[in-house]
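Q: Before anything else, here's the structure in question.
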Amino acid sequence: MTSLFLYNTLTRKKENFIPIYPGRAGIYTCGPTVYNYAHIGNLRTYIFEDILKRVLTANEYAVTHVMNITDVGHLTGDGDLGEDKLEKGAAREGKTAWEVAAYYTEAFQKDMARLNLLPPDIWCRATDTIPEQIALIRTLEKKEFTYQTSDGIYFDTARFPDYTKLSHQNLDALQEGARVEKHPEKRNPSDFALWKFSPEGAKRQMEWPSPWGVGFPGWHIECSAMSMKYLGDMLDIHCGGTDHIHVHHTNEIAQSEAATGKPFFRFWMHGEFLNIAGGKKMAKSGENFLTVENALVRRGIDPLAYRYAAFQTHYRHPMEYSGESIRAAENGYRNMKNAVREIVLAADAAENRAGGSPVPSPELMARFMAAVNDDLNMPRAMAVLQECLKANLPPAEKKATLLAMDRITGFGLDKVETKAALPPEIETLVADRKAARKEKNWAESDRLREELVSKGYTVRDHKDGMDVFAA
Ligand SMILES: [Zn+2]
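Residue 64 in this note's numbering sits at position 70 of the sequence shown, with consecutive numbering throughout.
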């Protein structure tokens, strides 16, 4: 098999993936901030991460996947002066911050299941690891990377010379063009909060005692604390969206490496944005706020059609989304499933005669794996899958190949319905046609076949009878 190459944002090149521990791979994926539904742009990133995990598994790595749930401390502004998204969400919905977090965590997990995203091995909540976060801030304090302002404890980025190694950004240019609100007490514009104090005289719903006073952690510290807690030093790959590069992941690296004195994750991988037709970015609210529920399910579109759509664009390229593009993807997805259904039926009929267990086509599988091992090139992998659908191969070998590919594509092709329950009037037509065939009344049999087809069904005859399913 070809070896696995992944694009590393840290080095700006595709690198051969070599794990820290042979045969094992630790991945940490920044999870949702649970104050609202995930939009399909967020979910595009989780689809890319799902493929990464499946490809690592196909390359025979034992994967440990950690995903966090941000249920505190993610502020609405780009800087450190905004409101806490959870507390704000709670005020909006008339619920407690804890209820809001629980509700949207469940909604996120439901969306993951609808997109066939494999759940992480470890889910962790920011609010469950407050002691670990405080301990990490204490370490930074002892090493003199922190300072205190009137509203919290901050990380002094000037004390960490490698601060821009992930983003490659020019901090002077950043300072001049800064859109972020100015914090008068910050020593450097890129400094960030590790711990924020609860506002004077106001009681927050989520707050904890700390060596510095009652408050809550800054957003970035949770991912450092949780990745180290759950992966130990198996820090192979850290992923997120490209919007995480400049602030969140840059800050994670700074505080983690300052605390431990060791490199924090070897590989950093980032999924590109989803653009709504017309070049608009996905909004946080309003008509451009598209979710699995409102963009897909309520329009009768199978969420897996979105998974299919996501595979048409490489994860490092922006993806265009429109009503037409998702309909086109839905067609492609349905055609693929229908073709697979035909192949499964033919293979099962053939298997009854031949016996034995067929193996996937080595040639097609080699090309499929070469595609996914080339920095998760799903457009190329999907082209090989389409080729397989039309290939001149015995049905059993085709079926085996498709199911092997689907361990990565994850459409659930092993569960393609070949004997779906039919409505009663269709069952009657099927029974009539069976009777006609038994009587060798071919004219009547043909007429009934036409009737079934005109009602949108596919009819497949074989020596033991026929299969009828919704086209
Ligand atoms: Zn994170």
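Backbone N, C-alpha and C fix where the C-beta goes; we use that ideal spot for every residue, glycine too.
Given the structure is predicted, the values throughout are model-derived calculations rather than measurements.
Please return the same chain residues whose Cβ sits closer than 8 Å to the Cβ of ARG6, not counting the five positions on each side in sequence.
A: Here residue 6 is taken as the residue at index 12 of the sequence shown, counted from 1. Result list for ARG6: HIS162, in chain order.
Q: Does the Cβ of CYS217 lie closer than 8 Å to at least one heavy atom of ligand 1?
A: Position 223 of the sequence shown, counting from 1, holds the residue named residue 217. Checking every heavy atom of ligand 1 against the Cβ of CYS217, one is found closer than 8 Å.
Q: SER204: which of LYS190, ILE215, LYS197 and GLY195 sits nearest, CA to CA?
A: Here the question's residue 204 lines up with position 210 in the sequence shown. Answer by Cα proximity: LYS190.
Q: According to the neighbour-count rule (16 or more other Cβ atoms, all chains shown, within 10 Å of its Cβ), is TRP262 buried or exposed?
A: Working through the sequence shown from its first residue, we reach residue 262 at position 268. Result: buried.
Q: At 3 residues or longer, what runs of the beta strand (DSSP E) sit wholly inside the segment 263 to 319?
A: Complete beta strand (DSSP E) runs here, min 3: 268 to 270 and 313 to 315.
Q: Count the CB pairs spanning the segment 36 to 56 and the segment 254 to 261 that are closer than 8 Å, and state whether there are at least three.
A: The segment 36 to 56 is not in contact with the segment 254 to 261.
Q: Does VAL66 come out as helix, strand or coil in the three-state DSSP assignment?
A: Reading the sequence shown from its first residue, position 72 is the one you call residue 66. It is coil, neither helix nor strand.
Q: Work out the CA separation of GLU445 and ALA464 for me, nearest whole Å.
A: Numbered from 1 along the sequence shown, position 470 holds the residue referred to as residue 464. Numbered from 1 along the sequence shown, position 451 holds the residue referred to as residue 445. Their backbone Cα atoms lie some 13 Å apart in a straight line.
Q: From this set, ALA344, VAL447 and ILE21, which residue's C-alpha is nearest TYR224's C-alpha?
A: Here residue 224 refers to the residue found at position 230 of the sequence shown. Closest option to TYR224, Cα to Cα, is ILE21.
Q: Applying the criterion that 16 or more other CB atoms from any shown protein chain within 10 Å of the CB defines a buried residue, is ASP455 buried or exposed?
A: Within the sequence shown, numbered from 1, the residue matching residue 455 stands at position 461. Looking at its Cβ environment, which holds fewer than 16 other Cβ atoms inside 10 Å, ASP455 is exposed.
Q: Does the beta-carbon of ASN164 have 16 or more other beta-carbons within 10 angstroms, so that it is buried, or is it exposed?
A: Here residue 164 corresponds to residue number 170 of the sequence shown, with the count starting at 1. Answer is exposed; the Cβ neighbour count stays below 16.
Q: For the segment 53 to 126, which segments carrying the beta strand (DSSP E) assignment without a break, of at least 3 residues, lie completely within its bounds, in sequence order?
A: Listed in chain order, they are 56 to 63 and 116 to 119.
Q: Run the proximity test for THR64: is its beta-carbon closer than 8 Å to any non-hydrogen atom belonging to ligand 1?
A: Counting from 1 along the sequence shown, the entry for residue 64 is found at position 70. Flag set: Cβ of THR64 near ligand 1.
Q: With respect to the beta strand (DSSP E) encompassing HIS456, which residues constitute its N-terminal and C-terminal limits?
A: By 1-based counting over the sequence shown, the position of residue 456 is 462. Its beta strand (DSSP E) spans residues 451 to 456.
Q: Looking at HIS243 and ligand 1, is the gap between the Cβ and the nearest heavy atom below 8 Å?
A: Residue 243 sits at position 249 when you count from the first residue of the sequence shown. Yes.
Q: In terms of residues, what are the limits of the alpha helix (DSSP H) holding HIS214?
A: What you label residue 214 is simply residue 220 of the sequence shown in a count that begins at 1. Segment 213 to 225, the alpha helix (DSSP H) holding HIS214.
Q: Leaving out five residues before and five after GLY146 in sequence, what residues of the same chain have Cβ atoms less than 6 Å from its Cβ?
A: Within the sequence shown, numbered from 1, the residue matching residue 146 stands at position 152. Only ALA187, TRP189, LYS190 and PHE191 meet the Cβ criterion.
Q: Using a Cβ-Cβ cut-off of 7 Å (strictly less than) and excluding sequence neighbours within five positions of ILE485, which residues of its own chain qualify?
A: The first residue shown for the chain is -5 and the last is 465, placing residue 485 beyond what the model contains.
Q: Quick check on this structure: which residue in LEU0, ALA271 and PRO13 has the alpha carbon closest to the alpha carbon of SER319?
A: Looking up residue 319 in the sequence shown gives position 325. Of LEU0, ALA271 and PRO13, the residue nearest in Cα terms is ALA271.
Q: Between which two residues does the beta strand (DSSP E) holding GLU9 run?
A: Stepping through the sequence shown from its first residue, residue 9 is reached at position 15. GLU9 -> beta strand (DSSP E) spans 7 to 10.
Q: Measure the beta-carbon distance from LEU298 to ILE34 and round it to whole angstroms, keeping in mind my assumption that it falls under 8 Å.
A: Here residue 298 refers to the residue found at position 304 when the sequence shown is read from its first residue. Here residue 34 refers to the residue found at position 40 when the sequence shown is read from its first residue. Between ILE34 and LEU298 the Cβ distance is about 13 Å, and since that is not below 8 Å, they are no contact.
Q: What would DSSP say about LYS137, mapped onto helix, strand or coil?
A: As a working mapping, residue 137 is identified with position 143 in the sequence shown. Coil.
Q: Taking DSSP as the reference, what is the three-state secondary structure of THR158?
A: On the sequence shown, residue 158 is found 164 positions in, with the first residue counted as 1. Three-state DSSP puts THR158 in coil, outside helix and strand.
Q: Straight-line CA distance for LEU383 to ILE420?
A: Counting from one through the sequence shown, the residue named residue 383 turns up at place 389. Counting from one through the sequence shown, the residue named residue 420 turns up at place 426. Computed Cα separation, rounded: 29 Å.
Q: Taking the CB atoms as reference points, tell me whether THR99 and ILE131 lie closer together than 9 Å.
A: To locate residue 99, count along the sequence shown from 1; it is residue 105. To locate residue 131, count along the sequence shown from 1; it is residue 137. No, these two residues do not count as a Cβ contact at 9 Å.
Q: Quick check on the DSSP output: the beta strand (DSSP E) that includes ASP468 runs from which residue to which?
A: Since the first residue of the chain shown is -5 and the last is 465, residue 468 is not available in this structure.
Q: Specify whether the segment 148 to 156 and the segment 89 to 107 touch according to this definition: at least 3 beta carbon pairs, one from each stretch, less than 8 Å apart.
A: Because the criterion of three Cβ pairs below 8 Å is not met, the segment 148 to 156 and the segment 89 to 107 do not touch.
Q: Within its chain, find whatever has a CB closer than 8 Å to the CB of ALA248; leave out the 5 residues flanking it on each side and keep chain order.
A: Residue mapping note: residue 248 aligns to position 254 of the sequence shown, counting from 1. Cβ within range, chain order: PHE149, THR151, PHE154, ASP156 and TYR157.
Q: Are the beta-carbon atoms of LEU109 and VAL291 separated by less than 9 Å?
A: For the purposes of this step, residue 109 is taken as residue 115 along the sequence shown, with counting starting at 1. For the purposes of this step, residue 291 is taken as residue 297 along the sequence shown, with counting starting at 1. No, the pair does not count as a contact, with Cβ atoms beyond the cut-off.
Q: Please determine whether the Cβ atom of GLU246 lies at a distance below 8 Å from any heavy atom of ligand 1.
A: Walking along the sequence shown from the start, residue 246 turns up at place 252. Yes; taking the cut-off as 8 Å, the Cβ of GLU246 has a heavy atom of ligand 1 nearer than that.
Q: Would you say GLY234 touches ligand 1, meaning its beta carbon is less than 8 Å from a heavy atom?
A: Sequence index remark: in the sequence shown, residue 234 carries index 240 (1-based). Yes, the beta carbon of GLY234 sits closer than 8 Å to at least one heavy atom of ligand 1.
Q: Helix, strand or coil for CYS382 per DSSP?
A: The residue labelled residue 382 in the question sits at position 388 within the sequence shown. CYS382: helix per DSSP, three-state reduction.
Q: Considering just the uninterrupted stretch of the beta strand (DSSP E) at PHE405, what are its terminal residues?
A: Counting from 1 along the sequence shown, the entry for residue 405 is found at position 411. Per DSSP, PHE405 belongs to no beta strand (DSSP E) and is neither H nor E.
Q: Less than 9 Å between the C-beta atoms of LEU134 and ALA253, yes or no?
A: Stepping through the sequence shown from its first residue, residue 134 is reached at position 140. Stepping through the sequence shown from its first residue, residue 253 is reached at position 259. Contact: yes.
Q: Ligand 1 heavy atoms versus the CB of CYS24: any closer than 8 Å?
A: Along the sequence shown, read from residue 1 onward, the residue named residue 24 stands at position 30. Checking the Cβ of CYS24 against ligand 1 gives yes.
Q: With distances taken Cα to Cα, identify the nearest neighbour of ASP342 among THR412, ASP65 and VAL241.
A: For this step, residue 342 is matched to residue 348 along the sequence shown. Measuring from the Cα of ASP342, the nearest candidate turns out to be THR412.
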